[in-house]
Amino acid sequence: MRPSQLTSGIAAGRLDKDTLAENFSDLHAPFTAHEAAVEADRCYFCYDAPCMTACPTSIDIPMFIRQISAGMPEAAAKTIFDQNILGGMCARVCPTETLCEEVCVRETAEGEPVEIGRLQRFATDVAMATPQPFARAASTGKTVGVVGAGPAGLACAHRLAMHGHDVVIYDARPKGGGLNEYGIAAYKTVDGFAQAEVDWLMGIGGITLEAGTGLGAELSLDDLATKHDAVFLGLGLGGVRKLGLGLGATSAVDFIADLRQAADLTSLEVGRNVVVVGGGMTAVDAAVQSKLLGAENVTIVYRRGKDAMAASGFEQDLAAQKGVTIRHWAQPIGSTPDGMEFEYTTQGDNGLEGTGETFTLPADQVLAAIGQTLNPLDGLDHADGKITVKPGGATSRKGVWAGGDCASGGDDLTVTAVAEGRDAAEDIHNSLMEG
Ligand SMILES: Cc1cc2nc3c(=O)[nH]c(=O)nc-3n(C[C@H](O)[C@H](O)[C@H](O)COP(=O)(O)OP(=O)(O)OC[C@H]3O[C@@H](n4cnc5c(N)ncnc54)[C@H](O)[C@@H]3O)c2cc1C
Ligand code: SF4
81 MRPSQLTSGI AAGRLDKDTL AENFSDLHAP FTAHEAAVEA DRCYFCYDAP CMTACPTSID
141 IPMFIRQISA GMPEAAAKTI FDQNILGGMC ARVCPTETLC EEVCVRETAE GEPVEIGRLQ
201 RFATDVAMAT PQPFARAAST GKTVGVVGAG PAGLACAHRL AMHGHDVVIY DARPKGGGLN
261 EYGIAAYKTV DGFAQAEVDW LMGIGGITLE AGTGLGAELS LDDLATKHDA VFLGLGLGGV
321 RKLGLGLGAT SAVDFIADLR QAADLTSLEV GRNVVVVGGG MTAVDAAVQS KLLGAENVTI
381 VYRRGKDAMA ASGFEQDLAA QKGVTIRHWA QPIGSTPDGM EFEYTTQGDN GLEGTGETFT
441 LPADQVLAAI GQTLNPLDGL DHADGKITVK PGGATSRKGV WAGGDCASGG DDLTVTAVAE
501 GRDAAEDIHN SLMEG
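Have a look at this one:
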């Protein structure tokens, strides 16, 4: 008999192919041209627009919305790509509710912002059906090694290629895209969009991707410094914090990567009772996707209150809407034959304290989403577990820059990684042209 949501333990194929396809379809349907025009007309085209200030890549939002309004989506997309070459992905994954849309004057006045993210997607989708609108400057004869083909590395590589430098991107994984390909929830980036975006971006020329080539394995920082005139590190955070306690937990990041790479979702195993420990975007994504795969009960357990969760209000609401239960103020302390044991927590004078009261949740599968880490790199200064960088991304080693999640400062978001990669490219370009 085919497994169902009620099958005990861990099982694949709890839902049929069609239900899974429906569950993992686009979270936000794209606008039609008419819908985009109507939505664009809601914009006040504010002077000193707060939405633009709130965007980490400083896209001229009123300008691109005006261009959509005028029936020029390609021009709107060019305005977006000038600042953010991964504007297509950011339109899908940015937590706009805590960035541009949070400060939109329509939000402050009426509680309903202009749907900037969906408008951005409309314009970039139109433009990405054609070759990209950027050309390379004359060759400078300089080469730059970029480690990591995630949003930071790709944005850096594209800007460097535009300035006429030759770029080699080295990535340890078999495919480019970083967490766009291996991390972002499947329903935010459907139909192979992450790979299509990498191909489109690299269409500028002058960028080579050496996949399956890892820094610390096939390459050292000294090798890169010898081969290239400059090096950019966009490594992301490769390590994950472990839950310990002998709970047999798997990493939520690995669970999601497997899901993103699965050719057939019916082959993916998921528990009947899934417990996810953590309070960020990864915890919500792992929980929601477990539910969509057919788990009967999915519970996120977070050790602090709702307001302290790194997952945005929108993400928390999405989890609730999909049937995930979120329990606050509890931490795992062990396992029993009945499942996983938690202790309630409280904020004491010296930090978080256990109250001594406990509860048990049935748990066939435990996913740990309690943070990612960076393995320190020899010869570079680090602070708070990240590579220390100056504004513009220069590290403590001459000729080496860093940006994105692996570098100090900024939120761990796709759009922030793009901004840091782009800005580092400008700094590298200035340095190479001076030298
Ligand atoms: C599960 C999950 C969901 C997320 N969802 C969202 C979301 O919805 N919206 C959002 O804005 N942000 C989201 N984020 C955060 C966002 O994905 C990251 O902030 C962003 O991808 C960081 O970009 P990056 O280029 O710095 O690093 P990454 O995207 O991590 O890319 C780093 C690249 O470096 C490569 N690499 C690592 N080590 C080496 C090495 N030694 N040698 C060579 N290559 C190496 C990796 O293979 C990878 O391709 C999510 C993160 C996770 C984990
Ligand atoms: S704040 Fe809102 S209304 Fe004003 S320019 Fe930005 S999107 Fe338009």
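Position one of the sequence shown corresponds to residue 81 (this note's numbering), numbered consecutively onward. We put the beta carbon where it would ideally sit given N, CA and C, even for glycine.
Near ligand 2: residue i beta-carbon under 6 Å from a heavy atom
| i | result |
| --- | --- |
| P142 | yes |
| A391 | no |
| Y267 | no |
| R407 | no |
| R186 | yes |
| C236 | no |
| Y127 | no |
| V118 | no |
| V194 | yes |
| C174 | no |
| C170 | no |
Helix, strand or coil at residue i according to DSSP, with G and I counted as helix
| i | result |
| --- | --- |
| E347 | First, the residue type needs correcting, since residue 347 is Ser and not Glu in the sequence shown. Correct three-state label for S347: helix. |
| K466 | strand |
| T293 | coil |
| W280 | helix |
| A86 | The sequence given here places Leu at residue 86; Ala does not occur at that position. Three-state result, L86: coil. |
| V495 | helix |
| T269 | coil |
| R407 | strand |
| P142 | helix |
| A264 | Before going on, a small fix: residue 264 reads as Ile here, not Ala. The answer is coil: DSSP assigns I264 none of H, G, I, E or B. |
| L259 | helix |
| A474 | strand |
| L454 | coil |
| G501 | helix |
| A91 | strand |
| P516 | The displayed coordinates of the chain run from 81 to 515. Any statement about residue 516 would go beyond what the structure contains. |
Opening and closing residue of the alpha helix (DSSP H) in which residue i lies
| i | result |
| --- | --- |
| D98 | K97 to N103 |
| G393 | G393 to Q401 |
| V118 | A113 to A120 |
| F335 | A332 to Q341 |
| A305 | L301 to K307 |
Distance cut-off 6 Å: residue i Cβ against heavy atoms of ligand 1
| i | result |
| --- | --- |
| Y250 | yes |
| D334 | no |
| A134 | no |
| A399 | no |
| D429 | no |
| T362 | yes |
| G472 | no |
| P231 | yes |
| R253 | yes |
| V521 | Here the chain covers residues 81 to 515 and nothing more, so residue 521 does not appear. |
| T494 | yes |
| D485 | yes |
| I139 | no |
| I467 | no |
| D365 | yes |
| A329 | no |
| L199 | no |
| I508 | no |
Host beta strand (DSSP E) of residue i (start-end)
| i | result |
| --- | --- |
| V185 | Run containing V185: none in the beta strand (DSSP E); it sits in the alpha helix (DSSP H), V185 to E190. |
| G419 | G419 to G428 |
| E433 | G431 to L441 |
| P130 | Here P130 belongs to no beta strand (DSSP E); instead the alpha helix (DSSP H) covers P130 to A134. |
| I380 | N377 to V381 |
| D485 | No beta strand (DSSP E) holds D485; DSSP gives it neither H nor E. |
| L372 | Segment M361 to L373 is the alpha helix (DSSP H) holding L372; no beta strand (DSSP E) there. |
| F312 | A310 to L313 |
| L447 | Q445 to A448 |
| D251 | D246 to D251 |
Residue-level contact to chain C via CB, residue i, 7 Å cutoff
| i | result |
| --- | --- |
| G233 | Chain labels in this structure do not include chain C; a single protein chain is all it has. |
- Would you mind listing the alpha helix (DSSP H) stretches within the segment 157 to 236 that are 4+ residues and don't spill past its ends, in chain order? 167 to 173, 180 to 183, 185 to 190 and 196 to 208
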